[in-house]
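Chains as they are written, first to last, in the numbering used here: chain G, 17 to 132; chain Y, 108 to 220. Every residue, glycine too, gets a C-beta built ideally from N, C-alpha and C. Structure, as structure tokens:
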Amino acid sequence: DARVTQTPRHKVTEMGQEVTMRCQPILGHNTVFWYRQTMMQGLELLAYFRNRAPLDDSGMPKDRFSAEMPDATLATLKIQPSEPRDSAVYFCASGSPDRDGTDTQYFGPGTRLTVL
Amino acid sequence: EDKVVQSPLSLVVHEGDTVTLNCSYEVTNFRSLLWYKQEKKAPTFLFMLTSSGIEKKSGRLSSILDKKELFSILNITATQTGDSAVYLCAATHRGSTLGRLYFGRGTQLTVWP
């Protein structure tokens, strides 16, 4: 049963600390998306990659957020320094819209981040 | 600017009722519309629609797309308490941002026993 996995599932940290979230996309998927979800803003796209190359990171605050795909099985989202307003659930999703003819994305379980 | 609007924002019904959730979209170079269900965790995929007028069905859930009027509906018949969730719709378009989902804010459905 192929799934997107994310670690950690929960993270509590203090303002100013670095936070790294990891995602393993479904094997064979070539597009990886990072989302943030809050009650106020709903589900927002932060960045996404195709074949490990960044396609769009316009939704991401560039001064403190960075996203990378060091290899096809790992995507990372880093916040440095973290702030209380970054508290949210961060989802990773994967799919292969250009190859499979479907736009379906499969979401990981999310990382619930709390910045004190 | 691409946007997706869902209505109503929230809905409370009793078990056995039928509900219709609405999603309108304005997306350049439209390709597909997707519905997701989100309980207290990650969104799970329900349907993807690309053609007008063709109903997709899964059990008590069904959905249809109208590309002329730029909207989709999600119907749930004989609702159960397990249908309580946020239902999200999202639109995609062709071109360089292929696969990017533009999400609406969702409809919070609560089904009372």
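(message) Beta-carbon within less than 6 Å of Val4/G's beta-carbon, same chain only, minus the 5 sequence neighbours each way: which residues are those?
(response) Given that chain G is displayed from residue 17 to residue 132, the structure contains no residue 4/G and the question cannot be resolved.
(message) Out of Val119/Y, Leu128/Y, Leu156/Y, Gly123/Y, which one is the CA nearest neighbour of Leu195/Y?
(response) Here the closest residue by C-alpha is Leu128/Y.
(message) Tell me the residue span of the alpha helix (DSSP H) that contains Asp116/G.
(response) The continuous alpha helix (DSSP H) containing Asp116/G extends over residues 113–116.
(request) Report buried or exposed for Trp219/Y, applying the criterion of at least 16 other Cβ atoms within 10 angstroms of its Cβ. (result) When all chains shown are included, Trp219/Y counts as exposed.
(request) Flag this pair as yes or no: are the beta carbons of Thr120/G and Phe152/Y separated by less than 8 Å? (result) Cβ distance < 8 Å, so Thr120/G and Phe152/Y count as in contact.
(message) Going by the DSSP bridge assignment, what does His121/Y pair with across the sheet?
(response) Looking at the DSSP assignment, His121/Y forms a beta bridge with Trp219/Y.
(message) Out of His26/G, Gly58/G, Pro70/G, Pro125/G, which one is the CA nearest neighbour of Ala88/G?
(response) Closest in C-alpha terms to Ala88/G, from the list His26/G, Gly58/G, Pro70/G, Pro125/G, comes Pro70/G.
(message) For the region 129–147 of chain Y, list every residue whose C-beta sits within 7 Å of some C-beta in chain G, in sequence order.
(response) Residues passing the 7 Å Cβ filter: Arg138, Ser139, Leu141.
(request) Confirm, please, whether the CB-CB distance from Cys108/G to Gln22/G is below 8 Å. (result) Their beta carbons are under 8 Å apart, which means Gln22/G touches Cys108/G by this criterion.
(request) Over the uninterrupted beta strand (DSSP E) stretch that includes Leu129/G, give me the two end residues. (result) Its beta strand (DSSP E) spans residues 127–131.
(request) Please state whether DSSP places Asp73/G in a helix, a strand or coil. (result) DSSP places Asp73/G in coil when its eight states are reduced to three.
(message) Going by DSSP in three states, Arg52/G sits in which element: helix, strand or coil?
(response) Under the three-state reduction of DSSP, Arg52/G is assigned to strand.
(request) Check the Cβ of Tyr64/G against every Cβ in chain Y and list those closer than 7 Å, keeping chain order. (result) Neighbours of Tyr64/G on chain Y, chain order: Arg207.
(message) Looking at chain Y, is there any beta carbon in it that lies within less than 8 Å of the beta carbon of Asp73/G?
(response) No - not a single Cβ of chain Y is within 8 Å of the one on Asp73/G.
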